[in-house]
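Novice: Chains as they are written, first to last, in my numbering: chain A, 1 to 47; chain B, 48 to 268; chain C, 269 to 516.
For every residue, glycine included, the Cβ atom is placed at its ideal position computed from N, Cα and C.
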Amino acid sequence: MMEVLSMGEYGFFVWSSFLISIFVLLINYLCAHREFISELNKVKLNK
Amino acid sequence: MNIYLKTFVREIKVSMKRWSDILTGVIMFVLVAIIFPLTVGSDQMFLIKIIGPVMLLSALLASLISMQNIFKPDFLNGSLEQLALSHHSLNGLILMKILSYWATSSLPLVVVSIFIASTYYVTGLSLGVVVATVLLSSTTLVNISALAAALTLSVRYPGALMTLILFPLSLPILIFGSKAIEYSIVGIDSSGPFYFLTGMMLLSFSLGPIATAFAIRISLD
Amino acid sequence: MNFKRFYKYGSPPNYFRLCLKYENWFTVPGCLLIIIGCYGGLFLAPPDYQMGDAFRIIYFHVPSAYLSMSAYAYMALAALVGIVWRSNVAFSVAKSIAPFGASFTFLALVTGMLWGKPMWGTAWVWDARLTSEFILLLLYLGYILLHASIREQKKADRASSVLAIVGVINLPIIHYSVVWWNTLHQASTISKLSSPSIAGEMLWPLLVMIFGYGLFFWGVICRSGATELLKREKRSNWIKEYVEEYQS
């Protein structure tokens, strides 16, 4: 377990790049989804 | 053929009337070039090393200051619209405008760069190389600035947007121009960067006016 | 092959429905491939001889860099289609690609910095490839800001499309920068014509990640392009019909 977490003393760099990549991908998807819902709601309200 | 010559002469005359704008560009060039010896230190070794980048950076910032003068006054008083509506090719007319802008804003810079370079302890053949580099790179910079000015014509206060458009596109020019000056000062043959600069000049003169004319038509209607 | 049946997707209602119908077909496989690639890259692949375990950052760095360049190419293509055919659909696709492409470029730069710090001791060096990737980020930002600062939408579309098309010249510079100059960044390991210079069990997670990122990107663009089209065509009838359908 410690060996996986430390990744041969480069653990900080590998895991932080993993986390930031997953984070950015998630944010992209969530932002796209949220904007679509809000636009749809705006159209519904204006009707 | 006659109309293009007339446009060129007219633009030169108009720029001569607005000589304060040309002077502003030259002053900006001189001020930026002076900052480095005054603030960082006037050690000869250091100044000789940075003369290349400083020349090109000053040329870039000077073109940033005077960029709006290519199209904005004509756009505001309606003559740009008349040019677009005439039956002559807008590409050719814009090319003449760009050439006259180059003649009035960059040629003074070339003259001033001789003096600035000699205060940076550059002598002999390298001085000629500095002049040639500023001359060549200013041709491409002028085309890119014209494109950036045409794209931001309909924006009221473009400000940093012009920088954001100008900077990425002119980075290769800056890099290769500095390399040319650096090589000649160190003593290596500097023809490689010069070939690149000439190539960029030809590319920008052939495609630049077309893109700029298209951007002007977009901003006009 | 009858290409004419694709023409109908140039019109906003058909494109909108197409995007929303097939969006999950892109996102879900993309996510699955990314998960598989992460597992294969982080746990299954053996550590590299020279770089040790730090080479695993390749599984995040290469797909995002590749995607940042191809996203710009798609944006420029959509911009060209929009200018030539005056198509609202194409302009909305181009506008929606820009922020996501910029985020992938940012990701490529950050993972590259995280890789460079342990490997070469420095997070950033001004060599050709890193500088041109940074210029790509500036081009994306320039597109977004130019579009945002012009008030009339048609003018904004067309002006920023000109910028996108002119910036395509940066893409060959990025791609061939490791061939033309002696840079700190290493040369490419995967090429179309020759066999890759990387071991098989390290290669497959990389390919899986690249495909996964690409599919996920297209899924997100489907959703985001549909949103942009919705914003532009708020007042038209087909939107009202769609909302009624959606509500019921």
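When you compare only the Cα positions, how much space is there between B:A80 and B:L156?
Specialist: 12 Å
Novice: Tell me where the alpha helix (DSSP H) around C:K422 begins and ends.
Specialist: DSSP places C:K422 inside the alpha helix (DSSP H), whose first and last residues are 421-434.
Novice: Is there a Cβ of chain C sitting closer than 7 Å to that of A:F23, yes or no?
Specialist: no
Novice: Excluding sequence positions up to five away, which residues of its chain have a Cβ less than 8 Å from the Cβ of C:S364?
Specialist: I489, S492, G493, T495, E496.
Novice: What did DSSP end up calling C:G320 once you bin it into helix, strand or coil?
Specialist: strand
Novice: For the segment 355-384 of chain C, which residues have a beta carbon sitting closer than 8 Å to at least one beta carbon of chain B?
Specialist: none
Novice: Closer than 8 Å by C-beta to C:L409: which residues in its own chain qualify, once you throw out the five before and the five after it? Chain order, please.
Specialist: A370
Novice: Would you mind listing the alpha helix (DSSP H) stretches within the segment 139-209 of chain B that are 4+ residues and don't spill past its ends, in chain order?
Specialist: Fully contained in the segment 139-209 of chain B are the following alpha helix (DSSP H) runs of length 4 or more, in chain order: 172-198.
Novice: Can you tell me whether DSSP reads C:T295 as helix, strand or coil?
Specialist: helix
Novice: Express the C-alpha separation of B:S251 and C:L475 in angstroms, rounding to a whole number.
Specialist: 38 Å
Novice: Output the residue ranges of the alpha helix (DSSP H) runs that lie fully inside the segment 342-399 of chain C and measure 4 residues or longer, sorted by chain position.
Specialist: Listed in chain order, the complete alpha helix (DSSP H) runs (minimum 4 residues) inside the segment 342-399 of chain C are 356-388.
Novice: Using the Cα positions of C:L286 and C:H415, report the straight-line distance between them to the nearest angstrom.
Specialist: Looking at the two C-alpha atoms, the distance is approximately 26 Å.
Novice: What's the C-alpha gap between C:R500 and B:L218?
Specialist: 35 Å
Novice: Measuring CB atoms only, is the segment 62-72 of chain B touching the segment 144-154 of chain B, in the sense that at least three cross pairs come out at less than 8 Å?
Specialist: Output reads yes: the segment 144-154 of chain B touches the segment 62-72 of chain B.
Novice: Would you mind stating whether B:L183 and B:M114 have Cβ atoms separated by less than 7 Å?
Specialist: 7 Å or more divides the Cβ of B:L183 from the Cβ of B:M114.
Novice: Measuring only the C-alpha atoms, how far is B:V181 from C:I326?
Specialist: 41 Å
Novice: So C:H453 and C:L398 are supposed to be a Cβ contact under 8 Å. How far apart are they, rounded?
Specialist: 7 Å
Novice: Is it a yes or a no for the segment 186-195 of chain B touching the segment 99-111 of chain B, going by three-plus beta-carbon pairs under 8 Å?
Specialist: The answer is yes - the segment 99-111 of chain B touches the segment 186-195 of chain B, with three or more Cβ pairs under 8 Å.
Novice: Under 7 Å, CB to CB, which of the residues in the segment 195-215 of chain B have a partner in chain C?
Specialist: Here the close residues are L198, S201, V202, L208, L211, I212, F214, P215.
Novice: What's the C-alpha gap between C:E401 and C:A333?
Specialist: One Cα belongs to C:E401, the other to C:A333, and the distance between them is close to 8 Å.
Novice: Taking the alpha-carbon positions, what's the B:F162 to B:T186 distance?
Specialist: 20 Å
Novice: Going by other Cβ atoms of all chains shown within 10 Å of its Cβ, with 16 needed for buried, is B:D236 buried or exposed?
Specialist: exposed
Novice: For C:L448, which residues from the same chain have a beta carbon less than 8 Å from its beta carbon, with the 5 sequence-adjacent residues on both sides left out?
Specialist: The question names Leu, but residue 448 of chain C in the sequence shown is Trp. Hits under 8 Å: A396.
Novice: Given that C:T495 touches chain A, what residues does it touch there, using C-beta distances under 8 Å?
Specialist: A32, E35, F36, E39
Novice: Does any CB atom of chain C fall closer than 7 Å to the CB of B:A131?
Specialist: no
Novice: Using beta-carbon positions only, say whether C:I418 and B:S133 come within less than 7 Å of one another.
Specialist: no
Novice: Can B:P215 and C:I403 be called in contact, C-beta distance under 7 Å?
Specialist: yes
Novice: So the alpha helix (DSSP H) B:G99 belongs to, where does it begin and stop?
Specialist: 91-113
Novice: Label C:S290 either buried or exposed according to how many other C-beta atoms from any shown protein chain fall within 10 Å of its C-beta, with 16 as the threshold for buried.
Specialist: According to the sequence shown, residue 290 of chain C is Tyr rather than Ser. Exposed, by the Cβ-count rule.
Novice: Reducing DSSP to helix, strand and coil, say where B:M75 ends up.
Specialist: Helix.
Novice: 7 Å is my cut-off, CB to CB: does C:S492 come that close to chain A?
Specialist: yes
Novice: Just mark A:Y29 as buried or exposed, buried being the case when its beta carbon has 16 or more other beta carbons within 10 Å.
Specialist: Answer is buried; the Cβ neighbour count reaches 16.
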